[in-house]
Each structure stands twice: as C-alpha cells, then as structure tokens.
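Scroll down for the structure; my scribbles are underneath it.
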Amino acid sequence: MKRFATGLVLRITGVALTGGGLVYALLTLPAGRWVWMSVGVVGLVWQTAGLYGYVTGVNRKLTRFLESVQYADFAVAFKADSTLGPSFRDLNEQFNAVLDAFRQARAEKETNLQYLNTIVQHVSVGLLSFDTGGNVELVNQAALRLLGIYRLRQLSELQATHPELVTLFQATTPTGPTVYQTDEQVELSVRCTQVRLRGRLVTLVSLQNIHPELQRKELEAWQNLTNVLRHEIMNSVTPIVSLVGTMQQIVDTELVGMAQTTDVSESISDLRMALSTIENRGRGIMRFVDAYRHFTTIPPPKLAEVAVATLLQTVVKLVQPDSQQRDVTIELMPLPAQLRIAADANQIEMVLLNLIRNAIESLIDWPGPVIRIDAYSADNRVGIRITDNGPGIEPEALEKIFIPFFTTKKTGSGIGLSLSRQIMQLHGGQLTVVSSPGQGSTFTLVFG
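Following this line, the structure appears as structure tokens:
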C-alpha cells in the first residue's frame with residue numbers, strides 16, 4: 018500500500034510542477050512562450066492521464082474480474098507479483114483463487130453432466146424429453162432403437178410412423194403406464210411425467226419394451242397349465258389302462274373257453290378288440306402327455322462361447338440327408354469368423370434343427386424349394402435367420418404357433434416351437450417369426 022501511495026504522491030507532484038511551469042512560462046517568457054507552453058500542455062495531459070489510469074487501475078481490474086464471472090471466462094489471470102505492494106498482490110491472488118474455484122466448479126459440472134449423459138445413453142429403457150413447443154431436448158439410443166428411427170429433433174417427426182404415440186406424449190396430464198405396440202415384437206410401456214424447470218414445462222417420457230416379459234409370463238402360464246393337465250390326465254388314464262389290461266386277461270382266460278355259440282364267440286371277439294383299442298388309445302395318451310414333461314423340465318443352459326459359423330455348419334450337415342431326400346436346397350451364407358455368441362451349443366443346435374426341419378416339411382411339393390441361413394450382428398446383438406421361400410403361414414395360425422399343443426401338421430405334437438422359444442428365453446434372447454402367405458417365412462434367433 019505504501020508503494021501505491023508513494024506513486025500517487027509522485028504523480029500528483031509531477032502534475033503540479035508541470036502546471037506551475039506553464040503558468041511561469043506564460044508570465045515571464047516574452048518570446049517563444051507558445052512553443053514551451055504547447056510542450057507543457059502535452060506533458061500535463063500525459064501526466065494527468067497517467068494519474069487517472071494509476072488511480073482507477075483497481076476499478077478496471079475489478080471490472081475485468083466481474084466480467085469474467087458474468088461471461089464464464091475463467092481463463093483470465095491476474096498478475097500476482099504486483100509491484101504496488103503486498104495488499105495489491107494479495108488482491109490479485111484472491112482474484113485468481115476465486116476464478117480457479119469457478120474453473121473447478123465448471124469442470125466438475127461438465128464431468129457430472131458427461132457422467133449422467135453416459136448413464137442415460139447406457140440404460141436399456143428409452144428416455145426422451147421435450148418442451149411445450151415439441152422440441153426434443155434429450156433422447157437416448159434405446160428410445161431411438163425402440164421407435165425404429167436414427168434421430169429425433171421435433172416431436173412432429175413421429176407423426177408419420179407413430180401418430181398415436183405423439184398424441185399420447187402430448188396429453189395435457191401425466192399418464193400412468195400405457196401399452197403401445199409398435200410392431201409384432203415390440204410392446205412399449207409408456208410413462209409420461211411433466212416437470213417445471215426454471216419456468217419452462219418439460220415432459221419426460223420413458224419407454225420400455227415389455228414384449229419379452231409378456232412372453233415369459235405367457236410361457237410360465239402355459240407351463241403351469243401343462244403341469245396340471247399332465248398330472249390330472251396321467252392320474253385318470255393310468256388306472257384305466259391298468260384295468261383294461263386286467264379285463265383282457267379275464268377275457269382271454271375265462272370267457273373264451275365259455276363261448277359255445279358263434280354269436281357269443283363274435284361278441285367276445287368284439288369285446289377283446291374294444292378293450293385292445295381302449296388300451297392302445299390310453300397308452301397313446303400317456304405317451305403324448307409324457308412328451309410334455311420335457312417342456313417343463315428344460316435344464317438351465319451351460320453357457321460358453323460358440324462360433325456361429327461352426328454351429329451353423331454342423332447343423333446343416335445334420336439336416337442334409339433330409340433336405341437331399343426331399344430336393345430342398347439349403348444355402349448357408351458366408352459368415353464372419355469372429356461372430357460368436359454365449360450359448361449352450363446343444364440346446365441352440367436343437368432349436369436350429371427343429372426350425373430347419375419344419376422349413377423342410379413346409380416345402381414339400383413346393384416349386385424351387387430353398388432355405389437360406391445367415392447371421393448378423395447389430396446393436397451389440399447377434400441374430401441367426403432361417404428363411405424359406407415356401408407357402409408361408411396364415412395370419413390366424415401365426416398368432417398361435419408358439420402356443421403349446423398348437424400344430425398345423427397332421428402328425429405334429431405342437432411342442433417344438435414352444436420348446437424352442439423357451440430355450441431362447443433361457444438364453445436371454447428371443448425367437449421371432451415374420452411370414453406372409455405365399456411369400457415364405459423367416460425365423461430369427463436374437464442373442465444379447
């Protein structure tokens with residue numbers, strides 16, 4: 018502070034001396050005084066400007082500091098080694114310390130924002146927010162994937178593909194969970210919440226695909242029903258079959274010897290045939306019901322890394338005898354060697370064999386029968402597709418093909434596709450189908 022005061026006194030003294038010199042020159046110098054006075058005026062102005070700048074230096078520094086805070090320009094630095102004295106050096110150091118604290122706070126804020134954005138993009142639940150004007154302020158990759166688009170800036174962009182969803186989003190009051198189906202394999206649970214941020218009304222929307230969960234619940238319901246039916250049928254049919262066997266023994270050992278007339282002999286023969294028919298049908302029902310025991314007792318998959326190319330090549334070799342016998346061409350498309358899945362190879366092999374054999378059977382008597390097998394990787398998922406160019410599946414049957422007991426074959430048990438879907442669900446994946454009458458069918462196994 019003493020240095021500042023000394024500098025101030027020296028500058029004031031210089032201004033006073035220069036002013037006094039000008040007065041003296043004006044009064045005492047008769048000739049050439051205007052030249053000296055011009056020089057003196059310039060010097061006086063220069064000294065006065067220096068004095069003003071010296072005195073207002075702190076104000077300018079304070080203004081720079083406040084402007085840097087106002088405009089978030091924290092790259093400004095104040096010279097800490099001031100020659101004006103310790104107090105000014107302390108002032109500069111405090112300015113720098115405050116700006117450094119602001120820099121640290123902004124860095125932490127940006128880090129937290131980046132962290133939250135990473136979380137939003139990472140979660141599997143779709144999230145988006147928009148203002149009252151329909152401007153989308155936030156949307157994560159899960160939402161874009163569920164909606165089948167690659168970007169979303171305005172809510173009106175959804176009018177072409179999901180008009181009902183836009184109406185749901187723009188409801189004036191927040192809604193509880195609402196189910197919206199985008200396609201056959203995506204059923205969205207939609208929840209809307211409105212929040213007010215600094216006077217602006219913002220709507221936050223969450224989207225979650227509940228289709229796999231609904232499939233799992235449906236499968237559990239069918240399994241429970243199957244268990245009950247199997248238990249009740251086996252308990253009822255087993256004693257019937259046992260009693261029929263006893264009655265056949267009685268007929269063979271006691272009644273045959275008692276038959277004296279042709280009419281009685283024919284009646285006994287009819288009785289024996291009827292009992293045999295009842296026994297055969299009863300045992301057939303027992304075998305049929307026992308087959309569904311496998312539907313409810315699938316062991317947990319033993320997951321291991323499986324090369325998709327090797328898996329498909331093995332499956333194709335196993336079905337080649339059937340396909341060649343029925344003149345069906347199987348095309349295995351080129352596959353990347355690095356394409357791998359975490360799966361139980363035996364269980365997935367069983368699923369693929371079932372799907373390919375179903376396709377072969379559907380192509381009997383169909384002109385130019387071809388089955389194409391390929392695989393792909395997208396969105397951290399691996400898919401295996403089995404496509405045939407056969408007659409396709411009728412819409413009525415397409416809705417039921419994964420239901421246990423349902424079959425369109427004359428000799429089918431109706432368990433193959435149900436079992437295949439259950440195996441895929443145990444792998445955390447999905448088994449889907451797309452089919453149109455006369456245009457073939459595509460079954461897709463999705464892993465991940």
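Heads up: the sequence shown begins at 18 in our numbering, then just goes up one per residue. Note that beta-carbon positions come from the ideal geometry of N, C-alpha and C, so glycine has one too. Bear in mind that the values here come from a model prediction, so they are computed numbers and not experimental data.
Alpha-carbon to alpha-carbon, residue j and residue i
i, j, result
"L352", "A392", "7 Å"
"L448", "N129", "39 Å"
"P338", "P454", "27 Å"
"Q176", "E378", "43 Å"
"R289", "I381", "40 Å"
"V137", "E348", "42 Å"
"V219", "R208", "14 Å"
"Q341", "I390", "16 Å"
"Q211", "R162", "23 Å"
"I418", "T424", "7 Å"
"P15", "P318", "The structure shown does not extend to residue 15, since the chain spans only 18 to 465, so no value can be given for it."
"P412", "A395", "28 Å"
"M350", "G446", "22 Å"
"G465", "R398", "5 Å"
"L164", "E322", "31 Å"
"K234", "E181", "27 Å"
"Q198", "L185", "13 Å"
"R217", "V325", "52 Å"
"L83", "A92", "13 Å"
"I295", "T270", "19 Å"
"S85", "F119", "10 Å"
"T331", "L133", "46 Å"
"K126", "T80", "26 Å"
"R13", "Q456", "In the structure as shown, the chain starts at 18 and stops at 465, and residue 13 therefore has no counterpart that could be examined."
One or two residues paired with residue i in a DSSP bridge
i, result
"I390", "L349 and I403"
"R170", "According to DSSP, which records beta bridges pairwise, R170 is partnered with nothing at all."
"S452", "S458"
"F112", "According to DSSP, F112 bridges with nothing at all."
"V222", "L145 and C209"
"I358", "V323"
"L155", "S146"
"F464", "V399"
Chain-order list of residues whose beta-carbon lies under 7 Å from that of residue i (same chain, five-residue window excluded)
i, result
"V345", "I377, L380, P386 and I388"
"L335", "L370"
"P316", "none"
"L320", "A359, A360 and D361"
Cβ shell of residue i (< 6 Å), same chain only, five flanking positions each side left out
i, result
"M303", "V254"
"M264", "L292"
"Q171", "G151"
Proximity to residue i [Cα-Cα], best of the options
i, options, result
"H139", "F464, A160, A362 and Q330", "A160"
"L231", "R213, G216 and S206", "S206"
"N371", "I440, A324 and F119", "I440"
"L415", "V399, V451 and V368", "V451"
"F460", "A122, P421 and N375", "N375"
"A122", "N152, T178 and D90", "D90"
"I401", "P421, E366, A94 and V93", "E366"
"L221", "N152, I250 and E110", "N152"
"W383", "R357, I267, I373 and R343", "R343"
"Q355", "T327, H179, G299 and N297", "T327"
"G262", "L169, R300 and T331", "R300"
"R213", "D148, R298, N109 and K96", "D148"
"S259", "S286, R298 and A238", "R298"
Sequence-distant residues of the same chain with beta carbon closer than 8 Å to residue i, five excluded per side
i, result
"L155", "V137, L144, L145 and S146"
"V142", "A159, S223, L224 and Q225"
"L329", "L349, L352, L369, I390, A392 and I401"
"V196", "E204, L205, S206, V207 and I227"
"L443", "I315, P317, P318 and Q364"
"S458", "A376, S379, T404, D405, G407, G409, I410, V450, V451 and S452"
"A94", "N113 and L116"
"E174", "I166"
"A188", "C209"
Distance cut-off 7 Å: residue i Cβ against heavy atoms of the ligand SAM
i, result
"R123", "The ligand SAM is absent from the structure shown, which contains no ligands of any kind."
Three Cβ pairs or more, each shorter than 8 Å: is that satisfied between the stretch 431 to 438 and the stretch 399 to 409?
Using a Cβ-Cβ distance cut-off of 8 Å, the stretch 431 to 438 and the stretch 399 to 409 are not in contact, since fewer than three pairs of beta carbons, one from each stretch, lie closer than that value.
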